[in-house]
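Chemist: Here you go, one structure.
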Amino acid sequence: MTCFECGAPADHEHHVVPRSLGGTRTVPLCALCHGKAHGRERGFRNTPELTRAALAVKKARGESTGEAPYGYRAEAGRLVRDADEQAVIARVRQARAEGLTVRAITERLRLAGVCSRRGRPIATSSVGMLVKEFAS
90 MTCFECGAPA DHEHHVVPRS LGGTRTVPLC ALCHGKAHGR ERGFRNTPEL TRAALAVKKA
150 RGESTGEAPY GYRAEAGRLV RDADEQAVIA RVRQARAEGL TVRAITERLR LAGVCSRRGR
210 PIATSSVGML VKEFAS
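Under my numbering, the first residue of the sequence shown is numbered 90, with each subsequent residue one higher.
Structural data, given as C-alpha coordinates:
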(Lines of atoms letter the chains of each structure in order from A and count residues from 1; the text may use other names and numbers.)
(Lines give C-alpha, C1' and ligand atoms only; values in the text may rest on other atoms or scores of the structure.)
Protein backbone atom coordinates (compact mmCIF):
# COMPACT_ATOMS: atom_id res chain seq x y z
CA MET A 1 0.00 0.00 0.00
CA THR A 2 1.27 3.50 -0.76
CA CYS A 3 0.83 6.79 1.09
CA PHE A 4 -2.25 8.66 -0.09
CA GLU A 5 -0.33 11.94 0.17
CA CYS A 6 3.23 11.34 -1.07
CA GLY A 7 3.28 7.85 -2.61
CA ALA A 8 5.84 6.40 -0.16
CA PRO A 9 5.15 2.99 1.45
CA ALA A 10 2.26 3.46 3.88
CA ASP A 11 2.37 1.98 7.36
CA HIS A 12 -0.51 3.89 9.02
CA GLU A 13 -4.27 4.03 8.50
CA HIS A 14 -5.40 7.59 9.17
CA HIS A 15 -9.03 8.42 9.99
CA VAL A 16 -10.10 11.26 7.71
CA VAL A 17 -12.75 12.28 10.21
CA PRO A 18 -11.46 11.58 13.75
CA ARG A 19 -12.99 8.54 15.43
CA SER A 20 -13.86 10.80 18.37
CA LEU A 21 -16.21 12.65 16.01
CA GLY A 22 -17.72 9.50 14.51
CA GLY A 23 -15.29 8.90 11.62
CA THR A 24 -14.96 5.36 10.27
CA ARG A 25 -13.08 5.63 6.97
CA THR A 26 -9.30 5.68 6.70
CA VAL A 27 -6.62 6.49 4.12
CA PRO A 28 -3.14 4.95 4.01
CA LEU A 29 -0.33 7.32 5.07
CA CYS A 30 3.39 7.00 5.70
CA ALA A 31 4.68 7.90 9.18
CA LEU A 32 5.84 11.37 8.10
CA CYS A 33 2.53 12.33 6.46
CA HIS A 34 0.56 10.79 9.35
CA GLY A 35 2.51 13.00 11.75
CA LYS A 36 1.76 16.04 9.63
CA ALA A 37 -1.93 15.13 9.53
CA HIS A 38 -1.95 15.21 13.34
CA GLY A 39 -0.13 18.53 13.49
CA ARG A 40 3.02 17.10 15.06
CA GLU A 41 5.22 19.65 13.35
CA ARG A 42 3.12 22.35 15.08
CA GLY A 43 3.45 20.93 18.59
CA PHE A 44 0.26 18.82 18.79
CA ARG A 45 -2.06 21.84 18.74
CA ASN A 46 -5.00 19.67 17.66
CA THR A 47 -4.75 17.16 20.51
CA PRO A 48 -6.54 19.18 23.24
CA GLU A 49 -9.40 20.07 20.93
CA LEU A 50 -9.80 16.46 19.79
CA THR A 51 -9.66 15.23 23.39
CA ARG A 52 -12.37 17.68 24.47
CA ALA A 53 -14.53 16.66 21.50
CA ALA A 54 -14.06 12.95 22.24
CA LEU A 55 -14.98 13.40 25.91
CA ALA A 56 -18.06 15.44 24.96
CA VAL A 57 -19.23 12.70 22.58
CA LYS A 58 -18.75 10.03 25.26
CA LYS A 59 -20.58 12.15 27.83
CA ALA A 60 -23.49 12.72 25.41
CA ARG A 61 -23.72 8.95 24.92
CA GLY A 62 -23.76 8.43 28.70
CA GLU A 63 -20.42 6.62 28.59
CA SER A 64 -17.80 6.68 31.30
CA THR A 65 -14.85 9.00 30.75
CA GLY A 66 -12.83 8.18 33.86
CA GLU A 67 -13.86 7.71 37.44
CA ALA A 68 -17.63 7.73 37.70
CA PRO A 69 -19.09 10.78 39.46
CA TYR A 70 -20.48 10.22 42.93
CA GLY A 71 -23.91 8.63 42.71
CA TYR A 72 -22.99 6.54 39.65
CA ARG A 73 -20.78 3.60 38.73
CA ALA A 74 -19.36 2.48 35.42
CA GLU A 75 -20.70 -0.77 33.96
CA ALA A 76 -19.38 -1.84 30.58
CA GLY A 77 -18.32 1.74 29.84
CA ARG A 78 -21.74 3.19 30.71
CA LEU A 79 -22.77 5.25 33.71
CA VAL A 80 -25.39 3.59 35.89
CA ARG A 81 -27.01 5.08 38.98
CA ASP A 82 -25.62 3.61 42.21
CA ALA A 83 -28.50 3.15 44.65
CA ASP A 84 -26.36 3.34 47.80
CA GLU A 85 -24.59 6.54 46.74
CA GLN A 86 -27.87 8.08 45.55
CA ALA A 87 -29.23 7.39 49.05
CA VAL A 88 -26.27 9.23 50.60
CA ILE A 89 -26.89 12.18 48.29
CA ALA A 90 -30.54 12.22 49.38
CA ARG A 91 -29.47 12.16 53.07
CA VAL A 92 -27.08 15.07 52.47
CA ARG A 93 -29.83 17.08 50.77
CA GLN A 94 -32.25 16.36 53.61
CA ALA A 95 -29.71 17.28 56.29
CA ARG A 96 -28.84 20.50 54.49
CA ALA A 97 -32.56 21.34 54.19
CA GLU A 98 -32.73 20.91 57.99
CA GLY A 99 -30.04 23.59 58.25
CA LEU A 100 -27.15 21.36 59.34
CA THR A 101 -23.57 22.45 58.69
CA VAL A 102 -21.18 20.36 56.62
CA ARG A 103 -19.46 19.17 59.82
CA ALA A 104 -22.78 18.19 61.40
CA ILE A 105 -23.82 16.32 58.24
CA THR A 106 -20.46 14.52 58.22
CA GLU A 107 -20.89 13.47 61.84
CA ARG A 108 -24.44 12.26 61.15
CA LEU A 109 -23.22 10.17 58.19
CA ARG A 110 -20.31 8.75 60.23
CA LEU A 111 -22.64 7.76 63.05
CA ALA A 112 -24.85 6.02 60.47
CA GLY A 113 -21.82 4.08 59.22
CA VAL A 114 -21.59 5.75 55.81
CA CYS A 115 -18.15 5.18 54.27
CA SER A 116 -16.32 6.49 51.23
CA ARG A 117 -15.88 4.39 48.10
CA ARG A 118 -12.60 3.18 49.58
CA GLY A 119 -14.30 1.95 52.74
CA ARG A 120 -13.00 4.70 55.04
CA PRO A 121 -15.16 6.98 57.19
CA ILE A 122 -16.54 9.74 54.99
CA ALA A 123 -14.44 12.91 55.12
CA THR A 124 -15.74 16.39 55.81
CA SER A 125 -14.22 17.59 52.53
CA SER A 126 -16.18 14.92 50.63
CA VAL A 127 -19.40 15.95 52.31
CA GLY A 128 -18.59 19.59 51.49
CA MET A 129 -18.26 18.68 47.81
CA LEU A 130 -21.57 16.80 47.94
CA VAL A 131 -23.28 19.80 49.54
CA LYS A 132 -21.84 22.12 46.92
CA GLU A 133 -22.65 19.83 43.97
CA PHE A 134 -25.89 18.11 44.93
CA ALA A 135 -27.67 20.09 47.64
CA SER A 136 -30.44 22.33 46.41
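Glycine is no exception: its CB is placed at the ideal position from the N, C-alpha and C atoms.
#1: Leaving out the 5 sequence neighbours to the left and right, which residues in its chain are closer than 7 Å to G151 when beta-carbon positions are compared?
#2: Output the boundary residues of the beta strand (DSSP E) element that contains A163.
#3: Which of helix, strand or coil does DSSP assign to C122?
#4: Can you find the residues in the same chain that come closer than 8 Å, C-beta to C-beta, to V220, ignoring five residues on each side of it along the sequence?
#5: Could you work out which residue in K125, P107, E222 and E102 is closest to Y159 when comparing CA atoms only?
#6: Output needed for R131: all residues of its chain with C-beta closer than 6 Å, excluding positions within five of it in sequence on either side, in chain order.
#7: Using 8 Å as the cut-off, can you tell me whether the stretch 117-129 makes contact with the stretch 93-107, which would need three or more C-beta pairs spanning the two stretches below that distance?
#8: For L189, does the three-state DSSP call read helix, strand or coil?
#9: Which partner residues does T115 have in the DSSP bridge list?
Modeler: If we stick to the structure as given:
#1: Taken in chain order, the residues that qualify are R167 and L168.
#2: A163 -> beta strand (DSSP E) spans Y161 to E164.
#3: It is helical.
#4: If we look at V220 and ignore the five residues flanking it on each side, its Cβ neighbours are V181, R185, V191 and I194.
#5: Comparing alpha-carbon positions, the option among K125, P107, E222 and E102 lying closest to Y159 turns out to be E222.
#6: For R131, the predicted structure reports a pLDDT of 47, less than 50, and the residue's modelled location is therefore unreliable. The matter cannot be settled from this model.
#7: The stretch 117-129 vs the stretch 93-107: in contact.
#8: Of the three classes helix, strand and coil, the one that applies to L189 here is coil, per DSSP.
#9: Within the DSSP bridge table, the entry for T115 names H104 as partners.
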